[in-house]
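In the working numbering, the protein residues as written are 33 to 163.
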């Protein structure tokens, strides 16, 4: 039976890594949950395939618990949209205040506003290996 992962084995360490990555997203740029997850190696005990299945959700959990200095509004879903939940309108306003534009379908153009990720040097310095 495949193992199900409901959270990383060391949630505090995982969340701290997520928040450090999200702090690198500049104003006016966004990144999907899955992109953030892809920058982090599978946590101990998680298989590569298990992490691919659960990583974006774990990033979502980290963002729901982030400290005030993390620009949470810059993390969106894979469709280029804000996930529907309490605070979605506020998130949109924060992004619009940063210059992010939503189209008529409430999507963000990832070619224009998508973040390319941290520099190779930053990734190496933080023990993260780009995939």
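Even for Gly, the Cβ is constructed at its ideal location relative to N, Cα and C.
Look at the Cβ atom of residue 68, then the Cβ atom of residue 112, and state whether they are nearer than 7 Å. In this structure, residue 68 lies away from residue 112, with their beta-carbon atoms at least 7 Å apart.
How would you call residue 154, buried or exposed, if buried means at least 16 neighbouring beta carbons within 10 angstroms? Residue 154 should be labelled exposed.
Please work out which residues of its chain come closer than 8 Å, Cβ to Cβ, to residue 135, disregarding the five sequence neighbours upstream and downstream, and give them in chain order. Here the set comprises 141.
CA-CA distance, residue 89 and residue 58? One C-alpha to the other measures close to 22 Å.
Quick check: the Cα distance between residue 33 and residue 92, rounded to an integer number of angstroms? Summary for residue 33: the model assigns pLDDT 40, below 50, so the residue's position carries little reliability; its value from the coordinates is reported in the next sentence. So the alpha carbons of these two residues sit roughly 26 Å apart.
Skipping 5 residues on each side, what residues in its chain have a beta carbon closer than 6 Å to that of residue 56? Cβ contact annotation for residue 56 (same chain, cutoff 6 Å, sequence separation greater than five): 150, in chain order.
So, using beta-carbon positions, are residue 83 and residue 74 closer together than 7 Å? In contact: residue 83 and residue 74 (Cβ atoms closer than 7 Å).
Give me whichever residues DSSP pairs with residue 134 in a beta bridge. BP columns for residue 134 point to 140.
Between the C-alpha atoms of residue 103 and residue 39, what's the straight-line distance to the nearest angstrom? Rounded to whole angstroms, residue 103 to residue 39 spans 22 Å at the Cα level.
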